[in-house]
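Everything on this sheet refers to the single structure shown next.
Number of protein chains: 4
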Amino acid sequence: MLQKWRDKCAVFGIWNDPEAARMTYLGLYAQQHRGQESAGIVTLDQGKHLFHKGMGLVGDIFQAEDLERLTGNKAIGHTRYSTAGGSTDLNIQPLTAGLLTGPIAVAHNGNLINAEPVRMELQKGGAIFSGTNDTENLLHLLARNPEKDIIEGLKQAALQMDGAYSFVLLTHDRLIAMRDPLGFRPLVLGKRRNPVQTDGQRSEFAYVVASETCAFDLIGADYLREIQPGEIWWVDAQGEHSEFLPTQEKRLAKCVFEHVYFARPDSRVFGLSVYESRKRMGEILAQESPAEADIVVPVPDSGVPAAIGYSRESGIPFELGIIRNHYIGRTFIQPSQSIRSFGVKIKLNPQMEVLKNKKVVVIDDSLVRGTTSQKIIQLIRQAGAKEVHFRIASPPTTGPCYYGVDTPQKDQLIAAHQSVEKIGKYIGADSLAYLTVEGMMKAVQGSKHEFCAACFDGKYPTPLYSHSENS
Amino acid sequence: MLQKWRDKCAVFGIWNDPEAARMTYLGLYAQQHRGQESAGIVTLDQGKHLFHKGMGLVGDIFQAEDLERLTGNKAIGHTRYSTAGGSTDLNIQPLTAGLLTGPIAVAHNGNLINAEPVRMELQKGGAIFSGTNDTENLLHLLARNPEKDIIEGLKQAALQMDGAYSFVLLTHDRLIAMRDPLGFRPLVLGKRRNPVQTDGQRSEFAYVVASETCAFDLIGADYLREIQPGEIWWVDAQGEHSEFLPTQEKRLAKCVFEHVYFARPDSRVFGLSVYESRKRMGEILAQESPAEADIVVPVPDSGVPAAIGYSRESGIPFELGIIRNHYIGRTFIQPSQSIRSFGVKIKLNPQMEVLKNKKVVVIDDSLVRGTTSQKIIQLIRQAGAKEVHFRIASPPTTGPCYYGVDTPQKDQLIAAHQSVEKIGKYIGADSLAYLTVEGMMKAVQGSKHEFCAACFDGKYPTPLYSHSENS
Amino acid sequence: MLQKWRDKCAVFGIWNDPEAARMTYLGLYAQQHRGQESAGIVTLDQGKHLFHKGMGLVGDIFQAEDLERLTGNKAIGHTRYSTAGGSTDLNIQPLTAGLLTGPIAVAHNGNLINAEPVRMELQKGGAIFSGTNDTENLLHLLARNPEKDIIEGLKQAALQMDGAYSFVLLTHDRLIAMRDPLGFRPLVLGKRRNPVQTDGQRSEFAYVVASETCAFDLIGADYLREIQPGEIWWVDAQGEHSEFLPTQEKRLAKCVFEHVYFARPDSRVFGLSVYESRKRMGEILAQESPAEADIVVPVPDSGVPAAIGYSRESGIPFELGIIRNHYIGRTFIQPSQSIRSFGVKIKLNPQMEVLKNKKVVVIDDSLVRGTTSQKIIQLIRQAGAKEVHFRIASPPTTGPCYYGVDTPQKDQLIAAHQSVEKIGKYIGADSLAYLTVEGMMKAVQGSKHEFCAACFDGKYPTPLYSHSENS
Amino acid sequence: MLQKWRDKCAVFGIWNDPEAARMTYLGLYAQQHRGQESAGIVTLDQGKHLFHKGMGLVGDIFQAEDLERLTGNKAIGHTRYSTAGGSTDLNIQPLTAGLLTGPIAVAHNGNLINAEPVRMELQKGGAIFSGTNDTENLLHLLARNPEKDIIEGLKQAALQMDGAYSFVLLTHDRLIAMRDPLGFRPLVLGKRRNPVQTDGQRSEFAYVVASETCAFDLIGADYLREIQPGEIWWVDAQGEHSEFLPTQEKRLAKCVFEHVYFARPDSRVFGLSVYESRKRMGEILAQESPAEADIVVPVPDSGVPAAIGYSRESGIPFELGIIRNHYIGRTFIQPSQSIRSFGVKIKLNPQMEVLKNKKVVVIDDSLVRGTTSQKIIQLIRQAGAKEVHFRIASPPTTGPCYYGVDTPQKDQLIAAHQSVEKIGKYIGADSLAYLTVEGMMKAVQGSKHEFCAACFDGKYPTPLYSHSENS
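Chains as they are written, first to last, in our numbering: chain A, 31 to 501; chain B, 31 to 501; chain C, 31 to 501; chain D, 31 to 501.
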């Protein structure tokens with residue numbers, strides 16, 4: 031569907047690849063869906079950091095000459111969407127800093143919910159902050175004990191960081207990946223066979239870390255495993271290492287929304303194919319909320335896998351009754367006079383030949399304010415549909431996320447205030463049904479003790495502070 | 031699929047709309063798939079032409095201030111892909127000129143196959159050519175009889191123009207649409223209800239013309255009918271008019287490739303839904319060339335409708351086994367070291383979870399050189415597929431087009447030189463089959479006397495001159 | 031001074047230089063003061079034209095890769111300021127066209143005063159005009175006799191062109207320079223020794239033509255002579271040639287304003303140093319209109335030579351009492367609240383330390399509306415000057431130019447409507463005096479029969495048509 | 031002359047002006063000659079900082095919408111040239127940081143010569159550095175005592191800063207200007223009458239601080255006085271205040287090069303008109319090193335005032351024998367084949383008509399490597415001069431500057447290694463002479479105890495550390 035939820039970051043790291051900057055560029059390109067506001071790459075060459083950052087899309091920020099300037103066979107990168115930070119470039123990640131021990135760079139996916147109180151504490155100790163980014167806290171926490179080994183420093187810092195963090199760090203001699211004990215955000219490890227040797231050393235492959243496996247597919251790397259919740263993994267001249275934070279938790283809080291909407295369907299997230307999860311959501315939805323209809327039509331593109339599942343389970347034929355225009359550019363000049371439902375039409379065009387005189391099941395992945403759904407249903411009816419049965423392949427969204435997803439505020443979430451019946455009337459559907467939380471858990475083959483579904487069920491897995499938004 | 035064929039133009043025109051320039055902008059935006067190299071808009075205000083043109087995509091060429099400068103409630107526009115003309119802006123359409131009777135602007139979809147000899151004739155008569163565009167011939171042919179009525183002039187000019195032309199013209203007092211007698215390229219007429227009155231006159235609606243109906247859908251216009259082959263339609267202060275060229279033909283030569291690949295699936299072309307044609311091509315393909323398989327997988331996006339048809343007819347489940355990445359920007363920095371099949375991977379990612387251990391029918395709309403298909407099949411096999419049965423929802427492409435489609439030269443069309451069996455081996459498929467010409471004609475519900483299928487059957491509907499490429 | 035008059039073009043041509051495009055670029059760069067709106071270069075390589083044009087300054091329009099693309103050892107170029115043509119690129123020169131005999135390109139400095147009637151005549155004969163440029167007439171006049179030799183064609187065309195023209199043309203086999211019989215605009219011929227051989231042929235030098243000699247200085251070419259009024263000079267594979275138009279005139283009409291304001295002071299125009307002419311204008315002004323004062327202060331930069339002359343003749347010390355800020359960029363954001371005389375101050379800063387308690391003679395080259403002079407005098411008084419005696423090193427400007435200079439309309443020329451005394455009061459000077467026409471003629475060492483001074487004395491050397499502005 | 035020395039910064043600040051951002055923009059625009067690499071503006075609105083920074087010229091970095099976004103009636107700005115910092119934006123000033131007490135922004139002209147050791151000390155204490163800028167030290171020194179009053183903090187910080195600093199700071203409630211005890215760099219205070227009232231309060235004027243008075247001239251502010259060496263001046267809601275650093279020195283070290291080359295001639299620096307200083311340098315040079323000649327010719331623009339002085343004292347006529355082309359853009363494509371002395375010619379064109387057969391005194395402000403002077407003399411001789419007597423209006427430059435001027439390294443300064451006689455031969459002059467140090471001091475009406483002339487006499491007024499370049 032139209033972009034309704036925004037994940038706020040993707041991270042990437044690579045160790046020992048002769049084209050480290052280009053591979054990072056590709057790794058960010060493949061993960062562009064996780065953040066379109068800004069991006070950056072930091073490489074390490076002879077103990078020094080080189081970087082290039084900018085506002086916009088990966089493909090626009092980096093020119094060939096920028097990547098050539100980023101020499102060195104180690105690199106990390108980040109792409110980001112953020113409401114915080116405004117028009118300033120200071121918050122573009124990876125953040126870099128000079129510590130006594132050398133340069134350090136960090137890329138962060140997630141959100142530290144106790145960023146504000148820790149920041150004040152640090153300022154009392156003489157710290158100055160250049161940006162408004164929660165991630166800057168980590169750098170200051172590390173700087174406070176400059177003589178300490180960095181892995182020790184990270185363990186100590188973890189004691190002061192609550193919330194979601196999948197970090198990738200690059201120091202003068204190490205690539206480090208670290209995931210919070212509850213495992214909110216994904217973080218995966220892979221290997222990439224080097225076509226040529228690096229540094230004259232015999233290094234047969236490069237290590238890679240990323241938020242999603244689709245980054246590995248593009249650069250031809252093999253998926254090894256997830257970085258575990260609470261794990262600190264690193265690689266240095268001696269090889270790879272792994273330790274665990276002292277703050278290990280029993281339960282987990284993997285973000286179920288990664289499977290519902292964020293992650294690319296061709297990624298494997300928390301060990302599971304996203305496309306298959308979504309198809310199962312559609313199948314279970316068909317079981318839970320069947321409809322008598324002639325055709326199943328997805329709201330493209332995000333509703334397609336669930337619609338395939340719904341169609342297969344119900345036996346009702348699948349049709350691309352709404353065509354999505356992919357030639358849409360980044361900017362678009364609106365007509366000043368009103369064209370009905372214009373904002374939706376510029377992307378989605380329901381087809382009269384398919385919809386006319388049909389009873390239609392429309393499948394969407396989720397529903398935020400209801401305004402877009404309302405327009406889609408209007409357009410489908412204008413195209414001649416007799417009945418429109420709206421089915422949402424996730425439960426009603428009733429609360430915001432504080433762990434790194436850009437959700438609308440609670441008062442804008444229609445399901446936080448309205449019954450399903452009223453929502454159905456508001457959007458003009460002949461019937462409306464959502465997937466249940468249980469159905470969703472079944473689809474991701476997990477339990478409520480492994481997944482965070484707070485935006486659906488209100489059960490936030492951590493205490494909440496004042497909600498500073500970030501990363 | 032990746033963009034393998036390029037149609038070379040879209041045209042648009044509007045008469046009497048208070049937002050003529052913006053509607054034209056939207057009309058071009060919706061037809062961007064027909065030409066991504068350059069675009070232009072000409073408006074008419076108080077007898078004078080205003081225009082803005084540029085290289086690139088519609089959304090990049092026009093800024094809000096450009097559209098505001100283009101005052102007037104009449105306009106035409108053009109978007110174009112062309113191999114001719116090189117780095118010069120002189121060929122960007124609409125072309126404009128000053129005749130004795132006033133300004134004239136023309137937008138052209140199609141190709142005049144006798145452009146060269148007519149051009150030389152005109153130069154002998156003292157004509158100077160500013161560009162290298164076949165369309166410029168029309169302007170000179172009109173200028174030779176400056177005192178004559180423009181409609182008469184067009185009829186006379188038509189006697190000297192062989193080939194394909196769907197013209198939209200804007201003079202100081204008329205909007206004109208004109209289609210060659212064989213009807214190669216589409217051209218449709220519609221009406222748009224004006225939300226506000228124009229010029230103080232009572233004009234309840236605006237007339238619109240376009241190459242495809244998807245342009246009407248976006249601006250909320252109603253489709254009326256096709257401009258007929260050989261018809262000159264125009265609107266002026268007195269209302270609309272229609273005449274026919276004296277050169278009427280019995281047979282027609284509507285381009286079947288519009289249904290196979292070019293047109294947007296949500297357009298109605300030659301009176302027929304493109305999506306439905308493609309689905310029928312898939313269905314007939316399933317009848318003609320069945321395969322024993324577990325799943326039907328389209329090469330997205332252009333193979334999707336035929337794959338739905340194939341799946342429905344064969345009963346084999348439809349799966350999005352290859353995910354297309356739509357976050358691809360316009361430019362892309364290649365890695366300098368080799369990544370296998372990189373050029374395909376950046377757009378298409380086959381999914382291991384879907385394909386593993388499966389017998390797969392892969393559906394594509396057409397096949398040019400075979401190199402991309404080869405890479406796709408490699409990736410599908412790497413993802414674990416047991417068998418790959420390739421099915422093409424059109425016949426083997428054996429010859430170039432001279433009527434306005436940008437085809438590779440004959441020596442690059444693999445089917446011009448190789449048997450189906452050899453092509454199948456080359457691309458590495460377990461089996462390969464194409465739709466027959468008869469099957470294709472059935473799918474578009476037409477006969478060989480109505481459609482041009484020269485690129486498939488070599489039967490060119492006109493004599494061929496030296497093949498100057500254009501428009 | 032602030033740019034008050036705009037000359038409308040510079041031309042350049044080069045024949046047989048291994049770096050023809052770069053030399054043309056430099057030749058335009060050196061002549062940038064003659065036109066800052068657009069520029070273009072056309073080269074000739076193997077009988078074909080290559081070109082690059084754009085809006086803006088020469089240094090912005092051409093990138094290194096553009097010049098590399100412009101291969102060939104023959105080239106012409108043009109830089110232009112124009113009020114005509116509006117936002118369209120169609121009028122950017124050199125104009126190019128395809129004639130039966132091959133490609134032709136033309137660059138024009140001057141203005142054809144009978145452009146309109148000739149254009150209508152041509153249109154009646156079937157000509158179409160792509161732009162609104164008077165120069166296009168020449169191309170059509172040549173195209174009317176396509177079989178004729180181009181030199182003959184030019185002679186015939188000259189019979190239909192009244193007004194000012196210094197043309198440089200590049201055909202498939204010749205570089206041609208041609209100047210109107212009255213010799214309004216300058217055009218000079220030079221030679222440039224080639225550091226390397228071209229084409230394997232023994233060509234020891236390249237021919238160059240330009241509007242001003244400063245273009246020769248930059249590229250290290252030697253000045254040979256002026257192209258004579260009424261001369262057609264050309265060079266081809268056989269060498270150089272010269273003929274004269276049949277329409278030779280007895281009297282001449284060289285533009286005196288070139289010496290007053292337009293030309294660079296380091297150019298030699300009509301065989302005379304511009305710097306020396308301006309100094310003499312200052313000297314004669316001092317004789318004609320002395321002033322009792324402590325210091326002579328120029329309005330920089332254009333008033334400097336005349337101020338040196340005035341100072342030397344009068345014995346009053348020369349002081350840079352007003353400093354010009356040369357770091358001014360092209361655009362400038364105005365403060366929204368008023369700063370007194372801001373528009374002048376951003377460029378000119380009078381110095382209190384120099385001006386305080388002084389009687390000051392201020393020298394400017396000319397005076398248009400008087401508003402800027404008024405502000406300058408205010409600033410000088412604020413800086414503490416006791417008396418301000420304004421002296422203009424040219425006569426009162428009373429009429430517009432129709433021969434290629436961009437003058438304000440008559441109603442904006444203060445001297446067309448006010449006595450010198452009243453102007454003096456309006457600008458707030460203690461005294462005001464202009465140079466006489468006789469003094470000016472003495473300074474350029476010529477007579478009224480050789481120079482056009484129509485903007486000062488109203489004696490237009492040709493009949494006037496409806497005044498189409500151009501080139 | 032061509033830009034041979036680069037001053038490295040200009041600062042600006044304004045308190046209580048309704049157009050604070052625009053005035054700062056103008057203040058930087060007027061001081062653009064002091065730094066062309068990057069610029070930034072920070073405003074204060076309701077206790078919060080807003081900023082915009084960028085690489086390039088002031089006129090390119092700021093668009094009207096940027097200035098509109100920078101609300102608030104307090105602002106500081108900075109423009110900078112720097113060899114340090116490379117391609118990163120992190121060093122663009124004003125630097126901003128979040129302290130416990132609120133936001134702080136600082137703009138710095140000068141160079142802290144002990145930046146490196148202090149930086150290491152701070153890192154040991156847990157500080158992280160985002161850039162490579164010496165100015166960042168000040169922020170960390172202030173952050174170390176977060177509870178302390180900022181003025182106290184600045185006094186303490188001053189104890190740890192050796193070298194040159196003219197700081198302008200903007201906190202949440204104060205505009206502060208602070209100059210090092212030796213007074214290396216200029217810093218001036220002014221008042222600007224407000225055309226409209228601010229904040230509803232009765233504030234009749236705005237306070238302004240700047241590096242040079244030319245910034246005041248442009249915005250219509252009145253010069254009040256210099257900020258004194260060792261002074262901390264600030265303004266807050268209660269009005270203006272002044273205190274002195276405890277580290278007061280007896281002697282001073284005002285940079286004499288500001289008068290020789292850096293400052294704009296229309297500025298008043300250290301209480302003295304720069305234009306008048308330069309004229310006096312020329313006069314004294316004429317007394318010290320007369321020449322028998324026909325004309326005095328400046329190397330424009332920077333040699334002009336001294337040439338006027340030399341001419342007046344010697345009685346030899348002043349002539350603009352070399353014309354400077356001010357239409358030079360920022361970039362310039364070099365010809366690949368050699369044009370003799372091209373790099374000089376693109377800006378300077380000696381005039382044959384003025385120089386032919388003349389004995390010429392050429393006046394330049396200073397001489398670095400001698401290569402440019404050599405080319406100028408070649409060009410002058412080519413233009414026909416009989417004799418060339420080169421006179422430099424400053425002493426031989428023998429050492430680099432460590433206090434904020436971008437000087438070439440010692441081995442590139444020809445006078446550090448060659449006698450005047452040998453330099454004269456190298457540049458090809460008939461005679462060469464420099465101004466003496468005593469003559470220069472006389473011209474600036476000061477003594478060696480007030481001015482730093484270390485680049486001329488090697489007497490550095492502070493101990494030298496490892497020479498980290500900055501600011």
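All C-beta atoms in this analysis are idealised placements derived from N, C-alpha and C, irrespective of residue type, glycine included.
Can you tell me whether residue i is buried or exposed, with buried defined as 16 or more other CB within 10 angstroms of its CB?
{"i": "alanine 94 of chain D", "result": "exposed"}
{"i": "aspartate 394 of chain C", "result": "buried"}
{"i": "glutamine 62 of chain A", "result": "buried"}
Quick one: what does DSSP say residue i is sitting in, helix, strand or coil?
{"i": "arginine 411 of chain B", "result": "helix"}
Using 9 Å as the limit for Cβ to Cβ distance, is residue i near chain D?
{"i": "valine 384 of chain C", "result": "yes"}
{"i": "leucine 130 of chain A", "result": "yes"}
{"i": "valine 467 of chain C", "result": "no"}
Grab me the residues of residue i's own chain with a C-beta within less than 7 Å of its C-beta, minus the 5 sequence neighbours each way, in chain order.
{"i": "glycine 351 of chain C", "result": "Ile325, Val327, Pro380, Gln381, Val384, Leu385 and Val390"}
{"i": "tyrosine 253 of chain B", "result": "Val218, Gly220, Thr243, Phe246 and Arg298"}
When the Cα atoms are used, what is the spatial distance from residue i to residue j?
{"i": "glycine 65 of chain A", "j": "threonine 402 of chain C", "result": "53 Å"}
{"i": "proline 211 of chain B", "j": "serine 160 of chain C", "result": "29 Å"}
{"i": "threonine 201 of chain A", "j": "glycine 260 of chain A", "result": "20 Å"}
{"i": "serine 117 of chain D", "j": "threonine 165 of chain B", "result": "Because serine 117 of chain D carries a pLDDT of 41, less than 50, the predicted location of this residue cannot be relied on, and the following value inherits that uncertainty. If you take the alpha carbons of serine 117 of chain D and threonine 165 of chain B, they lie about 49 Å apart."}
{"i": "alanine 145 of chain B", "j": "histidine 138 of chain B", "result": "13 Å"}
Of all the CB atoms in chain C, is at least one closer than 9 Å to the CB of residue i?
{"i": "leucine 199 of chain B", "result": "no"}
Counting contacts by CB-CB distance shorter than 9 Å, is residue i in contact with chain B?
{"i": "alanine 94 of chain A", "result": "yes"}
Which same chain residues end up closer than 6 Å to residue i when comparing Cβ atoms and leaving out the 5 residues on each side of it in sequence?
{"i": "alanine 415 of chain C", "result": "Leu385, Lys388 and Val390"}
{"i": "threonine 73 of chain A", "result": "Ala50, Ala51, Leu80, Leu100, Gly102 and Ala105"}
Using a Cβ-Cβ distance under 9 Å, would residue i count as near chain A?
{"i": "leucine 189 of chain D", "result": "no"}
Cutting at 8 Å between CB atoms, please list the residues of its own chain near residue i, excluding the five before and the five after it.
{"i": "tyrosine 55 of chain C", "result": "Ile71, Val88, Phe92, Leu97 and Gly107"}
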